[in-house]
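*Asks:*
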Amino acid sequence: MSVAPLLVAELFPNGVIQYAVGGVLVAAGIGVIYLGTAIIPGNSTFLETTLSYVSDQPRFRQANYLASRDWRLLFAVSIVAGAAVWGLVLDPGAFVTEVQPWRLFGGGVLVGIGTRIGKGCTAGHGVCGLGSASRTSLVNVALFVGVAIATAALLTALGVTP
Amino acid sequence: MSESRHPLFYPLVVLGGLIQGFGLAYSGMARPEVVLDFLQFEDLGLVFVMGGAAVVSGVLFFAVPRLFDRAPLTGDTYGKRVKSMDRNVVIGGVVFGVGWGVSGICPGAAYASVGIGNLPILWAIAGMFLGAYAQGYWRSRVRSGAAGSVPNDD
Chain H
1 MSVAPLLVAE LFPNGVIQYA VGGVLVAAGI GVIYLGTAII PGNSTFLETT
51 LSYVSDQPRF RQANYLASRD WRLLFAVSIV AGAAVWGLVL DPGAFVTEVQ
101 PWRLFGGGVL VGIGTRIGKG CTAGHGVCGL GSASRTSLVN VALFVGVAIA
151 TAALLTALGV TP
Chain Y
1 MSESRHPLFY PLVVLGGLIQ GFGLAYSGMA RPEVVLDFLQ FEDLGLVFVM
51 GGAAVVSGVL FFAVPRLFDR APLTGDTYGK RVKSMDRNVV IGGVVFGVGW
101 GVSGICPGAA YASVGIGNLP ILWAIAGMFL GAYAQGYWRS RVRSGAAGSV
151 PNDD
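So the protein sequences, as listed, match chains H and Y. For the first sequence, position 17 matches number 17 in this note's numbering, and the numbering has no gaps at all. For the second sequence, position 147 matches number 147 in this note's numbering, and the numbering has no gaps at all.
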């Protein structure tokens with residue numbers, strides 16, 4: 001009786017409202033595009049379709065990439081703008097991460113490889129795939145979340161911070 | 001640009017991106033620190049971002065095809081997002097997991113992070129493009145040697 005609220009406060013020190021509202025908005029962004037176009041937009045295919053503007057590699061020149069690269073680029077730019085609107089509306093000031101550049105860059109390389117080989121990212125598999133009750137996405141999400149937890153624990157144990 | 005898009009197609013993509021970007025910033029997921037706190041069980045709130053978004057998406061993917069026949073801007077029928085299962089899904093998930101655990105950032109959150117003024121995140125985005133290019137270069141080589149075409153698996 002008295003343990004449960006303490007546990008909740010321990011696990012969710014910042015509450016859950018901002019997270020849940022943010023999650024609903026993430027889905028709403030996907031939802032309006034889905035409703036109007038039947039397209040389910042992920043976020044990592046953009047990396048490859050955008051490379052098709054500058055690379056002749058056959059991988060990037062496949063027909064569905066060339067057909068979707070314009071709206072995927074526009075979608076990503078709009079995500080940047082939407083986040084900037086949040087900054088303007090709620091006026092929190094610019095946020096600058098203290099996570100070291102080598103972690104951002106090195107981790108980013110692996111994110112780029114992994115999401116494209118694995119057919120999706122947090123949005124494609126984690127939101128849209130799970131929302132579609134896809135077994136493939138469930139396997140992928142369980143793996144990337146589990147491996148990420150282990151990786152973060154390992155780095156912390158090695159004294160890497162932030 | 002594509003030949004025959006409905007005039008409202010691109011405006012709708014912009015609207016969807018604005019809403020999602022706002023949501024990613026509002027949720028805190030655009031900050032690598034928030035993701036790394038989640039991965040170390042210091043704040044599990046992020047479950048409600050991905051989980052909440054997945055539940056709402058699930059309701060939409062269930063309800064919309066039952067309420068409407070075709071999407072007004074494309075004429076396409078509504079479906080779900082189901083990819084084929086193979087070894088790549090496993091390998092990719094593991095590699096992505098290491099990258100997410102090292103950096104605390106995923107693609108969509110990285111774009112939003114630029115919008116909140118987090119310029120160091122450009123390191124991560126540069127890395128993502130490099131990684132995407134490396135796997136595409138490698139797969140283009142492998143395919144051209146073997147089958148001669150690139151299968152559409154995304």
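For each residue, glycine too, the CB sits at the ideal point set by N, CA and C.
Which residues, taken in chain order from the segment 19-32 of chain H, show a beta carbon closer than 7 Å to some beta carbon of chain Y?
*Replies:* Cβ contacts with chain Y: Tyr19, Ala20, Val21, Gly22, Gly23, Val24, Leu25, Val26, Ala27, Ala28, Gly29, Ile30, Gly31, Val32.
*Asks:* Select from Y:Gly51, Y:Val102, Y:Asp43, Y:Arg31 the residue whose C-alpha is nearest the C-alpha of H:Ala142.
*Replies:* Cα-wise, what sits closest to H:Ala142 is Y:Gly51.
*Asks:* Helix, strand or coil for Y:Thr77 per DSSP?
*Replies:* In this structure, Y:Thr77 counts as strand in the three-state DSSP scheme.
*Asks:* From the beta carbon of H:Ser2, is the nearest beta carbon of chain Y less than 8 Å away?
*Replies:* It does not: the Cβ of H:Ser2 has no partner Cβ on chain Y nearer than 8 Å.
*Asks:* Check Y:Arg31 in the structure and name its three-state DSSP category.
*Replies:* Y:Arg31 falls in the coil class under three-state DSSP.
*Asks:* Which same chain residues end up closer than 6 Å to H:Gly126 when comparing Cβ atoms and leaving out the 5 residues on each side of it in sequence?
*Replies:* Cβ neighbours of H:Gly126 beyond the five flanking positions: Val141.
*Asks:* Is H:Leu158 close to chain Y? Criterion is C-beta to C-beta, closer than 8 Å.
*Replies:* It does not; no Cβ of chain Y falls within 8 Å.
*Asks:* Considering only their Cβ atoms, is the gap separating Y:Val56 from Y:Tyr78 smaller than 8 Å?
*Replies:* For Y:Tyr78 and Y:Val56, no; Cβs fall outside 8 Å.
*Asks:* Excluding five sequence neighbours on each side, which residues of the same chain lie with their C-beta closer than 8 Å to the C-beta of H:Ala153?
*Replies:* Nothing listed; no residue qualifies.
*Asks:* Are any of the Cβ atoms in chain Y nearer than 8 Å to that of H:Leu138?
*Replies:* Not closer than 8 Å to any Cβ of chain Y, the Cβ of H:Leu138 fails to qualify, so no.
*Asks:* Is the Cβ of H:Pro5 closer than 8 Å to any Cβ of chain Y?
*Replies:* Output row for H:Pro5: interface = no.
*Asks:* Across which residues does DSSP place Y:Ala70 in a beta bridge pair?
*Replies:* Rather than Ala, the amino acid found at residue 70 of chain Y in this sequence is Arg. Y:Thr77.
*Asks:* Could you name each continuous beta strand (DSSP E) segment of 3 residues or more that falls completely within the segment 104-152 of chain H, going from the start of the chain to the end?
*Replies:* For the segment 104-152 of chain H, not a single whole beta strand (DSSP E) run of length 3 or above is found.
*Asks:* Of the choices H:Phe75, H:Pro41, H:Val160, whose alpha-carbon is the least far from that of Y:Tyr10?
*Replies:* Cα-wise, what sits closest to Y:Tyr10 is H:Phe75.
*Asks:* Quick test of your reading: H:Thr136 and Y:Val89, contact by CB under 8 Å. State the CB separation rounded to the nearest angstrom.
*Replies:* That pair is a contact at about 6 Å.
*Asks:* Along chain H, which residues have their Cβ under 7 Å away from the Cβ of Y:Ser144?
*Replies:* Result: Pro58.
*Asks:* Just checking, does the segment 76-88 of chain H make contact with the segment 23-30 of chain Y on the three C-beta pairs under 8 Å criterion?
*Replies:* Yes, the segment 76-88 of chain H is in contact with the segment 23-30 of chain Y.
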